[in-house]
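Peer 1:
Residue numbers (the working numbering): 351 to 692.
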């Protein structure tokens, strides 16, 4: 799932001489700090295509900008459920895979998923999970279940995301329900469970939660797997676990908006990012997990076999991707407003 990192509207282009003199301009819209900028320079020098790169904080921000048509982006990086929503609304072009020979390196496990069952609108970019980061010195109980986030022993030492789908999803999994349920009773039960937890929560956080956890301000919290290596590098007392009840396994993808005037160039850039050598470098920079098998093979062993980044199939089989719930998302929004206002 795309996390908020740098503020939006940051613009930059590479500095290769070839790209600066080119009249070809590719408008790329991605989450901040979600690519190795050196790779953009290399692409420009290799192709003569100048990349105008701007960033956003959330899927919803990107969606509104693309839908408005105020800027004709050529390439965007939505999460799974947003790919489904945008393709359903006719906001994406079908991809011409003849221009992406490196697509053959995408692991088959990331193809024909619920958000793009025919693989017509998206190419997987990165993936990861949602789980619990905890401080091993502060937490002596076994951490293997969402239940620990409701343990009164850790009152005011728990961080939860200020995110309706993520935090409601945790409660739903704890109750044994799907993170994509549209059953009003199940959604209400999740809200009630989170209401009972509120007194134990130190704060509902976004990207600031990482610094607070690293700084020992809390004993545990929910985080995305890709943030974990950097957090542990800064604080070796931290550890990550995907609870036994299962969690969210998300995929971010590369898509071409319907308004793009440069589909061929966008596909050339996608193909470049799917090259195993390029992908391995990009994956190491970003810190998330790659869907490119030959890119994964080039990663250092301590990354390649890190269970927080590449979990066993046993736990992944209990995870699910968020789906676009269409009008049913209003049920979640109402529950979230009620939770936050209590």
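Even for Gly, the Cβ is constructed at its ideal location relative to N, Cα and C.
Any idea what DSSP makes of residue 605, helix, strand or coil?
Peer 2: For the purposes of this step, residue 605 is identified with residue 255 of the chain shown, where counting begins at 1. Here residue 605 sits in strand by DSSP.
Peer 1: Can you look up residue 390 in the DSSP assignment and give me helix, strand or coil?
Peer 2: As a working mapping, residue 390 is identified with position 40 in the chain shown. The answer is helix: DSSP assigns residue 390 an H, G or I state.
Peer 1: Tell me the DSSP secondary structure of residue 626 in three-state form.
Peer 2: Residue 626 sits at position 276 when you count from the first residue of the chain shown. Looking at residue 626 - three-state DSSP - the assignment turns out to be helix.
Peer 1: Using a Cβ-Cβ cutoff of less than 6 Å, which residues in the same chain neighbour residue 414 once the five nearest sequence positions on both sides are dropped?
Peer 2: Here the question's residue 414 lines up with position 64 in the chain shown. Excluding sequence neighbours, residue 414 sits near nothing in its chain.
Peer 1: What first and last residue would you give for the beta strand (DSSP E) that runs through residue 405?
Peer 2: Walking along the chain shown from the start, residue 405 turns up at place 55. 399-406 is the span of the beta strand (DSSP E), which, as asked, contains residue 405.
Peer 1: Which residues in the same chain have their Cβ closer than 6 Å to the Cβ of residue 573, if we skip the five residues on either side of it in sequence?
Peer 2: By 1-based counting over the chain shown, the position of residue 573 is 223. So the qualifying residues of the chain are 483.
Peer 1: Comparing alpha-carbon positions, which option in 550, 552, 553 and 518 lies nearest residue 536?
Peer 2: Locating residue 536 in the chain shown gives position 186, where the first residue counts as 1. For the residues 550, 552, 553 and 518, the minimum Cα distance to residue 536 belongs to 518.
Peer 1: Under the DSSP definition of a beta bridge, which residues are partnered with residue 485?
Peer 2: By 1-based counting over the chain shown, the position of residue 485 is 135. DSSP, once it has assigned bridges, lists 588 as partnering residue 485.
Peer 1: Could you give the first and the last residue of the continuous alpha helix (DSSP H) run that contains residue 529?
Peer 2: Within the chain shown, the letter at position 179 stands for residue 529. Element bounds for residue 529: n/a, residue is neither H nor E.
Peer 1: Please list, in chain order, all residues of the same chain as residue 615 whose beta carbon is under 7 Å from its beta carbon, the five residues on each side excluded.
Peer 2: Residue mapping note: residue 615 aligns to position 265 of the chain shown, counting from 1. Counting only Cβ-Cβ distances below 7 Å, and skipping sequence neighbours, we find 374, 376, 399 and 424.
Peer 1: So, helix, strand or coil for residue 638, using DSSP?
Peer 2: Looking up residue 638 in the chain shown gives position 288. Coil, per DSSP.
Peer 1: At which residue ranges does the region 507-582 contain complete alpha helix (DSSP H) runs of 4 or more residues, listed in the order of the chain?
Peer 2: Correct list: 514-524, 534-547 and 558-564.
Peer 1: Rounded C-beta distance between residue 688 and residue 530? I'm assuming under 8 Å.
Peer 2: The residue given as residue 688 occupies position 338 in the chain shown. The residue given as residue 530 occupies position 180 in the chain shown. Actually they do not touch by this definition, with Cβ atoms about 20 Å apart.
Peer 1: Could you tell me the distance, in whole angstroms, from the CA atom of residue 465 to the CA atom of residue 445?
Peer 2: Counted from its first residue, the chain shown places residue 465 at position 115. Counted from its first residue, the chain shown places residue 445 at position 95. Distance between the alpha carbons of residue 465 and residue 445: 15 Å.
Peer 1: Given a threshold of 16 other Cβ atoms within 10 Å of its Cβ, counted over all protein chains shown, does residue 645 qualify as buried or as exposed?
Peer 2: Numbered from 1 along the chain shown, position 295 holds the residue referred to as residue 645. Counting Cβ neighbours within 10 Å, residue 645 comes out buried, since at least 16 surround it.
Peer 1: Between the C-alpha atoms of residue 301 and residue 505, what's the straight-line distance to the nearest angstrom?
Peer 2: In the structure as shown, the chain starts at 351 and stops at 692, and residue 301 therefore has no counterpart that could be examined.
Peer 1: Using 8 Å as the Cβ pair cut-off and three pairs as the minimum, do the region 392-408 and the region 578-593 touch?
Peer 2: No, the region 392-408 is not in contact with the region 578-593.
Peer 1: Could you please give the first and the last residue of the uninterrupted alpha helix (DSSP H) stretch that includes residue 680?
Peer 2: Here residue 680 refers to the residue found at position 330 when the chain shown is read from its first residue. Residues 679-691.
Peer 1: Starting from the C-beta of residue 567, find all residues in its chain whose C-beta is less than 8 Å away, skip the five residues before and the five after it, and write them out in chain order.
Peer 2: Residue numbering aside, residue 567 sits at position 217 when the chain shown is read from its first letter. The residues are 552.
Peer 1: Label residue 580 either buried or exposed according to how many other C-beta atoms from any shown protein chain fall within 10 Å of its C-beta, with 16 as the threshold for buried.
Peer 2: Walking along the chain shown from the start, residue 580 turns up at place 230. By the neighbour-count rule (16 or more Cβ atoms within 10 Å), residue 580 is not buried but exposed.
Peer 1: Starting from residue 379 and walking both ways along the beta strand (DSSP E), at which residues does that stretch end?
Peer 2: As a working note, residue 379 is residue 29 in the chain shown. Here the beta strand (DSSP E) through residue 379 covers 374-381.
Peer 1: Within a Cβ cutoff of 7 Å, which residues of the same chain sit near residue 534, ignoring the five residues on either side of it in sequence?
Peer 2: As a first step, residue 534 must be located in the chain shown, where it is residue number 184. The residues are 681.
Peer 1: Determine the direct distance from the alpha carbon of residue 593 to that of residue 545, and round the result to whole angstroms.
Peer 2: Numbered from its first residue, the chain shown carries residue 545 at position 195. Numbered from its first residue, the chain shown carries residue 593 at position 243. Their Cα atoms are separated by approximately 21 Å.
Peer 1: Let's test the definition: count the other Cβ atoms within 10 Å of the Cβ of residue 692 and tell me whether it reaches 16, buried, or not, exposed.
Peer 2: Taking the first residue of the chain shown as position 1, residue 692 is located at position 342. Exposed: under 16 other Cβ atoms inside 10 Å.
Peer 1: Under DSSP, the alpha helix (DSSP H) around residue 493 begins and ends at which residues?
Peer 2: Looking up residue 493 in the chain shown gives position 143. Here residue 493 belongs to no alpha helix (DSSP H), and DSSP marks it neither H nor E.
Peer 1: DSSP on residue 441, reduced to helix/strand/coil?
Peer 2: Here residue 441 corresponds to residue number 91 of the chain shown, with the count starting at 1. Looking at residue 441 - three-state DSSP - the assignment turns out to be coil, as it is neither helix nor strand.
Peer 1: Excluding the five sequence neighbours on either side, which residues of its own chain have a C-beta within less than 7 Å of the C-beta of residue 496, listed in chain order?
Peer 2: The count along the chain shown starts at 1 and reaches residue 496 at position 146. Same-chain partners within the cutoff: 520, 523, 524, 593 and 595.
Peer 1: Counting C-beta neighbours from all protein chains within 10 Å, is the total for residue 654 16 or more, i.e. buried, or is it exposed?
Peer 2: Counting from one through the chain shown, the residue named residue 654 turns up at place 304. With fewer than 16 Cβ atoms within 10 Å of its Cβ, residue 654 is classed as exposed.
Peer 1: What did DSSP end up calling residue 415 once you bin it into helix, strand or coil?
Peer 2: Locating residue 415 in the chain shown gives position 65, where the first residue counts as 1. Three-state DSSP puts residue 415 in a helix.
Peer 1: I'd like to confirm the pairing. Which residues does DSSP put opposite residue 474 in its beta bridges?
Peer 2: Locating residue 474 in the chain shown gives position 124, where the first residue counts as 1. Answer by DSSP bridge pairing, in chain order: 603.
Peer 1: Since residue 723 and residue 597 are thought to touch, with beta carbons under 8 Å apart, how far apart are those beta carbons, to the nearest angstrom?
Peer 2: Lying outside 351 to 692, the shown extent of the chain, residue 723 is not represented and no answer is given.
Peer 1: What span of residues does the alpha helix (DSSP H) with residue 673 cover, start to end?
Peer 2: As a position in the chain shown, residue 673 is number 323, starting the count at 1. Premise fails: residue 673 is in no alpha helix (DSSP H) and is neither H nor E.
Peer 1: According to DSSP, residue 479 sits in a beta bridge with which residue or residues?
Peer 2: Position 129 of the chain shown, counted from the start, is the residue given in the question as residue 479. Answer by DSSP bridge pairing, in chain order: 599.
Peer 1: Spatial neighbours of residue 416 within its chain, please: C-beta separation below 8 Å, excluding the five flanking residues on both sides.
Peer 2: As a working note, residue 416 is residue 66 in the chain shown. Answer for residue 416: 379, 423, 426, 436, 441, 607 and 609, listed in chain order.
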